[in-house]
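Peer 1: Sharing a structure, written as structure tokens. Questions coming.
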Amino acid sequence: MRQKIVAGNWKMNNGKGETKNLITELQEEIKDLTLDNTRVIIAPSFINLESAVTQTEDTKIEVVAQNMHQAKNGAYTGEVSADMLKSVGIRTVIIGHSERRAIFKESDEILAEKVNAALANGLEVIFCFGEKLEERKTDNHLLEVGSQLRNSILHIAAEDWSKVILAYEPVWAIGTGETASPEQAQEMHAFIRNVIAKKYTQEIADNLSILYGGSVKPANAKEIFSKPDVDGGLIGGASLKAVDFSSIIKAI
Ligand code: PEP
97 MRQKIVAGNW KMNNGKGETK NLITELQEEI KDLTLDNTRV IIAPSFINLE SAVTQTEDTK
157 IEVVAQNMHQ AKNGAYTGEV SADMLKSVGI RTVIIGHSER RAIFKESDEI LAEKVNAALA
217 NGLEVIFCFG EKLEERKTDN HLLEVGSQLR NSILHIAAED WSKVILAYEP VWAIGTGETA
277 SPEQAQEMHA FIRNVIAKKY TQEIADNLSI LYGGSVKPAN AKEIFSKPDV DGGLIGGASL
337 KAVDFSSIIK AI
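Our numbering applies: residue 97 is where the sequence shown begins, and numbers increase by one.
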């Protein structure tokens with residue numbers, strides 16, 4: 097079922113103590129909120145996942161992973177598998193973040209393998225994608241997003257869409273302070289929902305949560321979230337401060 101979701105991607109920030117403190121502060125900020133059909137998610141670094149899962153038991157906060165490797169196990173030094181994530185209580189994984197694509201050279205093909213591996217292992221996937229500035233400037237943003245979806249996720253079985261959340265994150269808006277306008281976000285989200293409806297069914301498209309990510313802050317969250325096809329946000333920088341993140345959560 098389509099849900100509202102606010103997810104914080106903490107990236108490579110926060111050691112053990114900082115992670116614990118930030119969760120405590122966030123929990124304090126949101127404990128009295130009524131969150132009807134709304135999920136609050138945080139994605140700490142791998143090393144803090146287990147303690148974060150334990151700390152957030154019986155709270156409104158869910159803990160997810162920022163990435164995983166597609167292989168089951170073996171000689172992949174420094175990597176973490178779906179089974180390892182599940183063994184510490186993780187149920188959801190982010191795949192395809194633009195930093196994984198740009199810095200770690202994860203191609204559409206690798207991301208398709210990761211999507212397959214996550215779903216085959218029963219994990220829910222938050223799949224990220226988005227166009228670069230050049231593609232937006234040349235009016236190729238819809239084409240580019242269509243192609244990223246086609247190359248990495250439009251092959252999954254219809255029943256697997258209940259285990260997928262999409263996150264549209266224009267690369268030019270991530271960590272730059274520049275946000276897509278609510279109209280730009282709505283145009284893209286409606287386009288994405290239509291792609292899913294055409295390839296699968298209207299019902300699958302209507303039940304899908306599509307998040308916007310890219311410099312969402314307390315000051316702009318409400319306007320972006322007010323758009324009919326925007327079901328929430330994936331938040332980077334602003335999720336590192338409990339007060340800011342909770343005010344974005346309150347805007348949903
Ligand atoms: C992100 O990294 O997914 C993101 C949206 O970052 P920021 O909110 O800092 O732009």
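Glycine included, each C-beta is placed from N, C-alpha and C at the ideal position.
What residues are listed by DSSP as bridge partners for residue 47?
Peer 2: This structure cannot settle anything about residue 47, because the visible part of the chain is limited to 97 through 348.
Peer 1: Who are the near neighbours of residue 231 in its chain, counting only those whose CB is closer than 7 angstroms to its CB and skipping five residues on each side?
Peer 2: 237 and 240
Peer 1: Could you give the C-beta distance for residue 136 and residue 102, rounded to a whole number, given that I count them as a contact under 8 angstroms?
Peer 2: 6 angstroms
Peer 1: Could you tell me how far apart the beta carbons of residue 159 and residue 143 are, in whole angstroms, since I believe they sit closer than 8 angstroms?
Peer 2: That pair is no contact at about 13 angstroms.
Peer 1: Do residue 343 and the ligand PEP come close, with the Cβ less than 7 angstroms from some heavy atom?
Peer 2: no
Peer 1: How close, in whole Å, do the beta carbons of residue 248 and residue 207 come, if the pair is a contact with beta carbons under 8 angstroms?
Peer 2: 4 angstroms
Peer 1: Could you check how far apart the C-beta atoms of residue 341 and residue 104 are, in whole angstroms? I think they sit under 8 angstroms.
Peer 2: About 5 angstroms separates the two Cβ atoms, so the contact holds.
Peer 1: Between residue 272 and residue 312, which are expected to be in contact by the criterion C-beta below 8 angstroms, what is the C-beta distance as a whole number of angstroms?
Peer 2: Rounded, the Cβ-Cβ distance is 12 angstroms, inconsistent with contact.
Peer 1: In angstroms, rounded to a whole number, what distance separates the CA positions of residue 339 and residue 332?
Peer 2: One C-alpha to the other measures close to 14 angstroms.
Peer 1: Assuming residue 223 contacts residue 262 under a Cβ cut-off of 8 angstroms, what Cβ separation, rounded to an integer in Å, is found between them?
Peer 2: 6 angstroms
Peer 1: Do you know offhand how far residue 164's Cα is from residue 98's?
Peer 2: 25 angstroms
Peer 1: Relative to the ligand PEP, is the shortest distance from any of its heavy atoms to the C-beta of residue 285 smaller than 7 angstroms?
Peer 2: Taking 7 angstroms as the cut-off, one finds no heavy atom of the ligand PEP near enough to the beta carbon of residue 285.
Peer 1: From residue 145 to residue 255, what distance separates their C-alpha atoms?
Peer 2: Roughly 28 angstroms separates the two Cα atoms.
Peer 1: Compute the minimum distance between the beta carbon of residue 265 and the heavy atoms of the ligand PEP, and state whether it is under 7 angstroms.
Peer 2: yes
Peer 1: Looking only at its own chain, which residues have a Cβ that is under 8 angstroms from the Cβ of residue 257, when we skip the five neighbours before and after it?
Peer 2: 292, 296, 300, 303 and 304
Peer 1: Keeping to the same chain, check which residues put their C-beta closer than 6 angstroms to that of residue 347; ignore five residues upstream and five downstream.
Peer 2: Sequence-distant Cβ neighbours of residue 347 in its own chain, meaning closer than 6 angstroms and more than five residues away, are 317, 318 and 321.
Peer 1: Ignoring anything shorter than 4 residues, give me the alpha helix (DSSP H) runs that lie fully in the stretch 244-274, in order along the chain.
Peer 2: none
Peer 1: Specify, as a first and last residue, the run of the beta strand (DSSP E) that residue 225 falls within.
Peer 2: In the DSSP assignment, residue 225 falls within the beta strand (DSSP E) that extends over 220-225.
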